[in-house]
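Engineer:
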Amino acid sequence: MSLRIGTRGSALALAQTDKVVGILADRGIEAEVVTIATEGDTATGVPLHAIGGQGVFVRALDDAILRGEIDAAVHSMKDIPAARPAGLTCSAVLERDSPADFLAHECSLEAVSVIGSSSTRRRAQLLRDAPVLEVKQLRGNVDTRIRKLREGQYDAIVLAEAGLERLGLTLPGEPLPTDRFVPSPNQGTVAVVCRDDPAVAGAFAPLDHAQTRFDVEIERAVMEEVGGGCFTPQGIYCRNGNLIAEVLALDGSRWERIERRVTTIDEAREWGRALRVQAAGLIREAYAALGIKP
1 MSLRIGTRGS ALALAQTDKV VGILADRGIE AEVVTIATEG DTATGVPLHA IGGQGVFVRA
61 LDDAILRGEI DAAVHSMKDI PAARPAGLTC SAVLERDSPA DFLAHECSLE AVSVIGSSST
121 RRRAQLLRDA PVLEVKQLRG NVDTRIRKLR EGQYDAIVLA EAGLERLGLT LPGEPLPTDR
181 FVPSPNQGTV AVVCRDDPAV AGAFAPLDHA QTRFDVEIER AVMEEVGGGC FTPQGIYCRN
241 GNLIAEVLAL DGSRWERIER RVTTIDEARE WGRALRVQAA GLIREAYAAL GIKP
């Protein structure tokens, strides 16, 4: 069997795809890598929420699978939106790497006052932790963000620690604790999406990691019930069934949070609905402030 695997063209996306291709090769399955540009990669001058959120990184690859141009695509799972097109399946969830955010800075931590991040969640959590900080927009791939840090445009930037590890990059700084800086749902996880064809899906099945899939499905169930996508600052993280989920005001001044032991998807949905009720005012505020219709 020979497979065509689609990916974004960023160094991180290619590194993740090469990992999948290498595992397939060890199992005697050949794969061709097909690079596809997405709107999220080309429209770097605007915030993500203004061009449709994290889903813009996935849409072009979904369409290519459905058109038959590629058989599968490799994604950072946190980029995959809750609503999915018919005809696709998530055939494998690889074992999770670090879920943490990483604060990279070349000056002393005490001297950090301007931090770069385009994430509403990271901005809100940073401001909750230190309201005097200035958090400025920062888009672009990992190399671009690091360059802007080294040029002095920011005192520090926030990146996913897993991405740095996959790229083999070592930066000065430290990971942020996941209990205070609760990660995005599925952060640190790589997923393979393919057309809903048993022969294709079966080729990727041995890559699936059961505990990671369980944890990230818990996170996605909570995310789907809470709603808000990447527009509302929210962190949702599950490790071995231990769930932390929170929704914050855009300025980090208020938040609603739950911490629970969860053993089933139905329980996760129940707690997601409870959090949505608790955080309804914060969600409405975020949509109104960002000019987005619910």
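Numbering (UniProt numbering), first residue to last: 1 to 294.
Note that beta-carbon positions come from the ideal geometry of N, C-alpha and C, so glycine has one too.
Taking the continuous alpha helix (DSSP H) assigned at Ile146, which residues delimit it?
Structural biologist: Val142 to Arg150
Engineer: Enumerated in chain order, which unbroken segments of the alpha helix (DSSP H) with a length of 4 residues or greater are wholly contained in the stretch 163-215?
Structural biologist: Within the stretch 163-215, the complete alpha helix (DSSP H) segments at least 4 residues long are 198-204, listed from N- to C-terminus.
Engineer: Quick test of your reading: Ile157 and Leu138, contact by CB under 8 angstroms. State the CB separation rounded to the nearest angstrom.
Structural biologist: 6 angstroms
Engineer: Taking the DSSP output, what are the residues bridged to Gly6?
Structural biologist: Val34 and Ala73
Engineer: Hey, would you say Glu224 sits closer than 9 angstroms to Asn242, going by beta carbons?
Structural biologist: no
Engineer: By alpha-carbon positions, which one of Asp196, Glu217 and Ser2 ends up nearest to Ile65?
Structural biologist: Asp196
Engineer: Tell me the DSSP bridge mates of Thr89?
Structural biologist: Cys194
Engineer: Where does the unbroken beta strand (DSSP E) through Ile244 begin, and where does it stop?
Structural biologist: Ile244 -> beta strand (DSSP E) spans Asn242 to Leu248.
Engineer: Going by DSSP, name the residue or residues bridged to Ile115.
Structural biologist: The partner list for Ile115 (beta bridge, DSSP) reads Val135 and Ala156.
Engineer: Have a look at the DSSP bridge pairing and note the partners of Gln234.
Structural biologist: Val247
Engineer: Taking all protein chains shown into account, do 16 or more other C-beta atoms lie within 10 angstroms of the C-beta of Met1, making it buried, or fewer, making it exposed?
Structural biologist: It counts as exposed.
Engineer: Distance check for Phe57 and Ile36, CA to CA, integer angstroms please.
Structural biologist: 10 angstroms
Engineer: The beta strand (DSSP E) spanning Glu106 covers which residue range?
Structural biologist: Element bounds for Glu106: n/a, residue is neither H nor E.
Engineer: Would Val277 and Gln16 qualify as a contact pair, given that the criterion is a beta-carbon distance under 9 angstroms?
Structural biologist: no
Engineer: Are there 16 or more other CB atoms within 10 angstroms of the CB of Ser113, so buried, or fewer, so exposed?
Structural biologist: exposed
Engineer: Just how far apart, CA to CA, sit His105 and Met77?
Structural biologist: 26 angstroms
Engineer: Return the CA-CA distance between Leu14 and Val33, expressed in angstroms with no decimal places.
Structural biologist: 9 angstroms
Engineer: DSSP on Ile258, reduced to helix/strand/coil?
Structural biologist: strand
Engineer: Among Leu176, Thr178, Glu161 and Pro177, which one has its Cα closest to the Cα of Thr170?
Structural biologist: Glu161
Engineer: So, with DSSP's three-state summary, where would you put Arg273?
Structural biologist: Here Arg273 sits in helix by DSSP.
Engineer: Bridge partners of Arg239, per DSSP?
Structural biologist: Asn242
Engineer: Please state whether DSSP places Arg128 in a helix, a strand or coil.
Structural biologist: DSSP places Arg128 in the helix class (H, G or I) of the three-state scheme.
Engineer: Please report the straight-line C-alpha distance between Tyr237 and Leu3, rounded to a whole angstrom.
Structural biologist: 33 angstroms
Engineer: Flag Ile80 as yes if its beta-carbon sits less than 9 angstroms from any beta-carbon of chain B, otherwise no.
Structural biologist: Annotation note: the requested chain B is absent from the structure, which comprises a single protein chain.
Engineer: For the alpha helix (DSSP H) that Ile283 lies in, which residues bound it at each end?
Structural biologist: Ala280 to Leu290
Engineer: Pairing CB atoms from the stretch 193-210 with CB atoms from the stretch 86-98, are three or more of them under 8 angstroms?
Structural biologist: yes
Engineer: If you follow the alpha helix (DSSP H) that Arg27 is in, where does it begin and where does it stop?
Structural biologist: Looking at the DSSP string, Arg27 is not in any alpha helix (DSSP H), and its letter there is neither H nor E.
Engineer: Specify, as a first and last residue, the run of the alpha helix (DSSP H) that Arg84 falls within.
Structural biologist: For Arg84, there is no enclosing alpha helix (DSSP H), as DSSP marks it with neither H nor E.
Engineer: According to the neighbour-count rule (16 or more other Cβ atoms, all chains shown, within 10 Å of its Cβ), is residue 295 buried or exposed?
Structural biologist: For the chain, the structure presents residues 1 to 294; residue 295 sits outside this window and is missing.
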